[in-house]
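Take a look at the structure below.
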Amino acid sequence: MSRINLTGSRTSTLLLSDHFLGSLRKTQSSLLTAQAQISSGLKVAKPSDAPQSTSAVLWLQGALEARAQRQNNLTFAGAVLDNVDAAMADASNLVLEAKSIGSSQIGIGSSSDTRKNQALIIDAQIKAMLDITNRQAQGVSLFGGTTTLGGAGSNQGVFAEFLGGIRYVGSTTNLKTDVGLDQPMALNSNGSDAFGALSARVKGDADLNPQATAATHLADLDGAQGMGVRKGTIQIDVDGTIVNIDLSSADTLADVITRVNSAISGIDPAAGSLGLSGGGLALTADLGHTIAIADIGTSQTAADLGITLSATDGTQAGDDLNPRLTALTALASLGASVDLASGLKITQGSTTKVADFSSAATIQDMINIVDQLNLGVKMEINQAGTGLNLISQVSGLGLSIGEVSGGSTATDLGVRTYANSTALTDLNYGLGIHTEAGAPDFSVTLHDGSRVEVNLDGVTDIGGVVDAVRTAAQSLLGPGSIGAIGDAGTLFNVGLAGDGNGLVFEDNTVGASDFQIANVGISLAASDLGIAGNVQAGSSISGADVARVCVESVFTHLINLRDSLASDDTRGITLATSALETDTETLARVHADVGVRAQRVQQQKDRSEDLKIMEKSMLSDLQDADLAEVITRFAQLQQQLEATLQVGSQNLQLSLLDFLR
């Protein structure tokens, strides 16, 4: 039972006991906290230790963890960039040596035997360049961009010998990593930028104009205003009843049509409908009805869809939405007429294959068919989404895209390398043709002795050459005497080859003279056009394909230099050496870019280390314990605990008998 406490006559023993135990627990709790701070060195081990500092502590901890990862990225990027820098230096030195060899073999002082010996050295340099371009560091291809084949130590590289040339199978974008800057940093290079490995591109000049289908995605439309389709809400008025239609979640034209027609049916099922029409949409109002579609406020959805229309008792067609080509575009939806039955005759170097599109249903099917030819040629959709391009991956070889006999596929797709639109300046790998101003450039002698002289002044493309030949021939032979290839009843025919590429001349006259084409004066036009020749009694001259395209890369120029030295071709040596001069400038520019990136990585590493020290200092101020202060407080708490126990034991032992004694 409770007894009277003489030291606190108004306090019961039970209350005194509770007060003592509470004080004891508080002291022990403080001791435990101090002990934990001494052992861990932290004054904030959990959020409740310092609620006011918790958010700052958590942010600093997160920042330090992210910084640790970025520092790992910086170390990795620095190591890769150092290797790229060294490889670029080796490549630059190799090209300079090759250029020096080429320069030394131009003019007097060199012989055929000397040049053949130097060709062996250039061949060894090509193999050395192949080794440089396939280098890897820490599993990353130095010049493969985002493509890494095989990993470290693998014999598989992004450059490889192929069909007598060098094929690049890497990407055109660089591998990037987060190093703490505003944007990720590229840590390697790619063969296209550094060495021009994908510079040969046959750009399609035909707009294939795909038609709109129900499956066409709104994201694949340029839109009636050329701004794409900005999705939102439109308004439809059916005979005076207005309804809003939300198209913000519409994905395809089918979604738009379904929602609009559902709204029309909800008002009057017999009023009309929205449907497809060519490259866009059309609104139809049935007899006795008026339907109008408009935007609401500043919305541009209806305008972008080309359906700000009003139809009464009939159909109003919307604007062309200009659908873009995609991999899934159906070939049946192409607005342009394309011969898909014949295919493309693709020649890479000395290898020719036909891309047969007769079974293709989509653009992706065509891309796959070209890829499966394994010619080092890729088909792609152009950036504008209007047509197709063909890209050569192989340096040192000429690429030609021609027609299969009787077909028009290459012309229809706009990818024929020798077409009427081919510029004369693009012939002979960009060297063009050499003409003489104000004078005939070449002559065509027919069997009957007629001699047609052709002047190419002002002519800029192959079609212009054909027209100039026909004009000159008609002037000499008379109207109706000139026809297209294969025409009968004419004296002379000229045009593009129906199979492959080149110009074809046909002589339908009879006589003892040789059928021949020759340069006139100082002009080299016939030779440069690939049509110079004498077939004597023959009736057809098929010109060479001088419109091939070639990858303008380091490898191409080294291969050209090697082959020109081996064949004792002084002009070829001069051209290849000149091209290597351009390569040295390109390599220097890329090398400088790599050096700048490496320097930025080092600067970022130094800055990151400074920030790490500062963040750790701030975190320490918020989280770390002052051991001297904690140890002092721990000793004081021990004394406090001893005093509490001593006083408590005395107070709780007192009774009336103790007082009477």
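Here this note's numbering = 1-based position in the sequence shown + 805. We put the CB at the ideal spot given by N, CA and C, even for glycine.
1) To which residues of the same chain is Gln876 closer than 6 angstroms at the C-beta, ignoring the five residues directly before and after it?
2) What are the uninterrupted segments assigned as beta strand (DSSP E) that are 3 or more residues long and contained completely in the segment 938-1008, given in chain order?
3) Along the chain, which unbroken stretches of the alpha helix (DSSP H) at least 4 residues long are found entirely within the segment 1192-1276?
4) Should Thr1089 and Leu1058 be called a contact, given that it needs their Cβ atoms to be closer than 7 angstroms?
5) Which residues mark the beginning and the end of the alpha helix (DSSP H) in which Gly1071 is found?
6) My output table needs one value for Gly1338: the three-state DSSP class, helix, strand or coil.
7) For Phe1320, which beta-bridge partners are listed by DSSP?
8) Give the DSSP-derived three-state secondary structure of Leu1450 in the structure shown.
9) Once the 5 residues before and after Gln1321 are set aside, which same chain residues still bring their CB inside 6 angstroms of it?
10) For Gly1102, does the three-state DSSP call read helix, strand or coil?
11) Whether or not the segment 988-1004 and the segment 879-889 are in contact is what I'm after, with contact meaning three or more pairs of Cβ atoms, one per stretch, closer than 8 angstroms; do they touch?
12) In whole angstroms, what is the alpha-carbon distance linking Ala1005 and Gly1243?
13) Taking just the CA atoms, how far does Glu966 sit from Gly956?
14) Between Asn1233 and the ligand HEM, is there a pair consisting of the residue's CB and a ligand heavy atom that are separated by less than 6 angstroms?
15) Go through its chain and collect everything with a Cβ distance to Gln1409's Cβ below 7 angstroms, but skip five positions before and after it.
16) Out of Lys831, Ser946, Ser897, Ile1174, point me to the one whose CA is closest to Thr1391's CA.
17) Going by C-alpha distance, which of Gly1263, Ile971, Met1032 is nearest Ala1107?
18) Consult DSSP for Ser828 and reduce its assignment to one of helix, strand or coil.
19) Once the 5 residues before and after Gly958 are set aside, which same chain residues still bring their CB inside 7 angstroms of it?
20) Assess contact between the segment 1359-1367 and the segment 1009-1021, defined as three or more Cβ pairs (one per stretch) separated by less than 8 angstroms. Is contact present?
21) Starting from Leu1363, trace the alpha helix (DSSP H) both ways and give me its first and last residue.
22) So, at 7 angstroms on beta carbons, what are the nonlocal neighbours of Thr1113 in its own chain, with the 5 sequence-adjacent residues on each side left out?
23) Expressed to the nearest angstrom, what Euclidean distance is found between the alpha-carbon atoms of Thr1131 and Ser916?
24) Contact between the segment 1212-1231 and the segment 1188-1199 is defined here as three or more beta-carbon pairs at a separation below 8 angstroms; is this criterion met?
25) Sorted by chain position, which residues of the same chain lie with C-beta nearer than 7 angstroms to Ile906's C-beta, five sequence neighbours on each side aside?
26) Relative to the C-alpha of Arg1129, which residue among Gly1111, Gly944, Gly1212, Gly1084 is closest?
27) Tell me, to the nearest whole angstrom, how far the beta carbon of Leu820 is from that of Thr1449; I am working on the premise that it is less than 8 angstroms.
28) Could you tell me the alpha carbon to alpha carbon distance between Gly1303 and Gly949, rounded to whole angstroms?
29) What residues are listed by DSSP as bridge partners for Pro1128?
30) Among Leu1281, Asp1253, Leu826, which one has its Cα closest to the Cα of Ala1342?
31) Can you tell me which of Thr1437, Gln1444, Ile1436, Glu1420 puts its alpha carbon nearest to the alpha carbon of Gln866?
32) Check for me: the beta strand (DSSP E) holding Ile1151 runs from which residue to which?
33) Between which two residues does the beta strand (DSSP E) containing Asn1014 stretch?
34) Does the Cβ-Cβ distance between Glu1386 and Ile1327 come in under 7 angstroms?
35) Using 8 angstroms as the cut-off, can you tell me whether the segment 1263-1276 makes contact with the segment 1284-1301, which would need three or more C-beta pairs spanning the two stretches below that distance?
Based on what the coordinates show:
1) Mapped onto the sequence shown, residue 876 falls at position 71. The residues are Ser1413.
2) 964-967, 970-973, 1006-1008
3) 1214-1218, 1232-1235
4) Locating residue 1089 in the sequence shown gives position 284, counting from the first residue. Locating residue 1058 in the sequence shown gives position 253, counting from the first residue. Not a contact, by the Cβ cut-off of 7 angstroms.
5) Taking the sequence shown and counting its residues from 1, the one referred to as residue 1071 is at position 266. It spans 1058-1072 - the alpha helix (DSSP H) in which Gly1071 sits, taken as one unbroken run.
6) Position 533 of the sequence shown, counting from 1, holds the residue named residue 1338. Gly1338: strand per DSSP, three-state reduction.
7) By 1-based counting over the sequence shown, the position of residue 1320 is 515. Looking at the DSSP assignment, Phe1320 forms a beta bridge with Gln1341.
8) What you label residue 1450 is simply residue 645 of the sequence shown in a count that begins at 1. DSSP places Leu1450 in helix when its eight states are reduced to three.
9) Along the sequence shown, one-based indexing puts residue 1321 at 516. Taken in chain order, the residues that qualify are Thr1250, Asn1339.
10) Against the sequence shown, residue 1102 aligns to sequence position 297. Three-state result, Gly1102: coil.
11) yes
12) In the sequence shown, residue 1005 corresponds to position 200, counting from 1. In the sequence shown, residue 1243 corresponds to position 438, counting from 1. C-alpha separation (whole angstroms): 34 angstroms.
13) Counted from its first residue, the sequence shown places residue 956 at position 151. Counted from its first residue, the sequence shown places residue 966 at position 161. With a pLDDT of 47 at Gly956, under the threshold of 50, the predicted position of this residue should be treated as unreliable, and no value is reported.
14) Ligands displayed in this structure: none; no statement on the ligand HEM is therefore possible.
15) Here the question's residue 1409 lines up with position 604 in the sequence shown. So the list reads Leu879, Val984, Gly985, Leu986, once near-sequence residues are dropped.
16) On the sequence shown, residue 1391 is found 586 positions in, with the first residue counted as 1. The option with the nearest alpha carbon to Thr1391 is Ser897.
17) As a working mapping, residue 1107 is identified with position 302 in the sequence shown. Of the listed residues, the one whose Cα sits closest to Ala1107 is Met1032.
18) Here residue 828 corresponds to residue number 23 of the sequence shown, with the count starting at 1. Correct three-state label for Ser828: helix.
19) In the sequence shown, counting from the first residue as 1, residue 958 sits at position 153. At Gly958 the pLDDT is 46, less than 50, meaning the model places this residue with poor confidence and gives no usable figure here.
20) no
21) Counting from one through the sequence shown, the residue named residue 1363 turns up at place 558. Taken as a continuous stretch (DSSP letters only), the alpha helix (DSSP H) holding Leu1363 covers 1359-1371.
22) Counted from its first residue, the sequence shown places residue 1113 at position 308. Only Ile1098, Ala1099, Asp1100, Ala1107 meet the Cβ criterion.
23) By one-based count along the sequence shown, residue 1131 stands at place 326. By one-based count along the sequence shown, residue 916 stands at place 111. Near 56 angstroms, if we compare the C-alpha coordinates of Ser916 and Thr1131.
24) yes
25) Taking the first residue of the sequence shown as position 1, residue 906 is located at position 101. Hits under 7 angstroms: Gln923, Ile926, Ile927.
26) The residue given as residue 1129 occupies position 324 in the sequence shown. It is Gly1084 whose Cα lies nearest to the Cα of Arg1129.
27) Your numbering for residue 820 matches position 15 in the sequence shown. Your numbering for residue 1449 matches position 644 in the sequence shown. Not a contact, Cβ separation roughly 16 angstroms.
28) Here residue 1303 refers to the residue found at position 498 when the sequence shown is read from its first residue. Here residue 949 refers to the residue found at position 144 when the sequence shown is read from its first residue. Spanning the two alpha carbons is a distance of roughly 40 angstroms.
29) For the purposes of this step, residue 1128 is taken as the residue at position 323 of the sequence shown. Paired residue(s): Leu1026.
30) Start at 1 with the first residue of the sequence shown, and residue 1342 comes out as number 537. Taking only the C-alpha atoms, the option nearest Ala1342 is Asp1253.
31) Start at 1 with the first residue of the sequence shown, and residue 866 comes out as number 61. With distances taken between Cα atoms, Gln866 lies closest to Glu1420.
32) Start at 1 with the first residue of the sequence shown, and residue 1151 comes out as number 346. Per DSSP, Ile1151 belongs to the beta strand (DSSP E) from 1149-1153.
33) Counting from 1 along the sequence shown, the entry for residue 1014 is found at position 209. Taken as a continuous stretch (DSSP letters only), Asn1014 belongs to no beta strand (DSSP E), as it is neither H nor E.
34) Position 581 of the sequence shown, counted from the first residue, corresponds to residue 1386. Position 522 of the sequence shown, counted from the first residue, corresponds to residue 1327. The answer is no: Cβ separation not under 7 angstroms.
35) yes
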